[in-house]
């Protein structure tokens, strides 16, 4: 008497080697049924680099001045982003915020 609940279907009954996917097909997002790689990316409305300096051969030969290059730069941090109370490099909840965890020997 058997207590096996497989219903009589085994892996060998499901098909042979010709029914198996190749490794490339097995990881294809359509076969795996996920959206990885299937998302559509919309191109930008206009070509951004075409209107910058240096697109013509004359401008490329001439080169940009330092003032032109500096004018194109965008700062990473604005003065509004800096917290005046925090000390640079300080982490909240560390011993530097209050009493020491260990006795300090002098």
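Numbering (the UniProt record's numbering), first residue to last: 1 to 106.
All C-beta atoms in this analysis are idealised placements derived from N, C-alpha and C, irrespective of residue type, glycine included.
Bounding residues of the alpha helix (DSSP H) (the contiguous stretch that carries residue i)
i          : result
residue 71 : 66-72
residue 60 : 57-62
Cβ-Cβ separation, residue j to residue i (assumed contact under 8 angstroms), whole Å
i          : j          : result
residue 54 : residue 45 : Not really, about 22 angstroms apart at Cβ, beyond 8 angstroms.
Proximity winner among the options, relative to residue i (alpha-carbon distances)
i          : options    : result
residue 52 : 43, 72, 42 : 72
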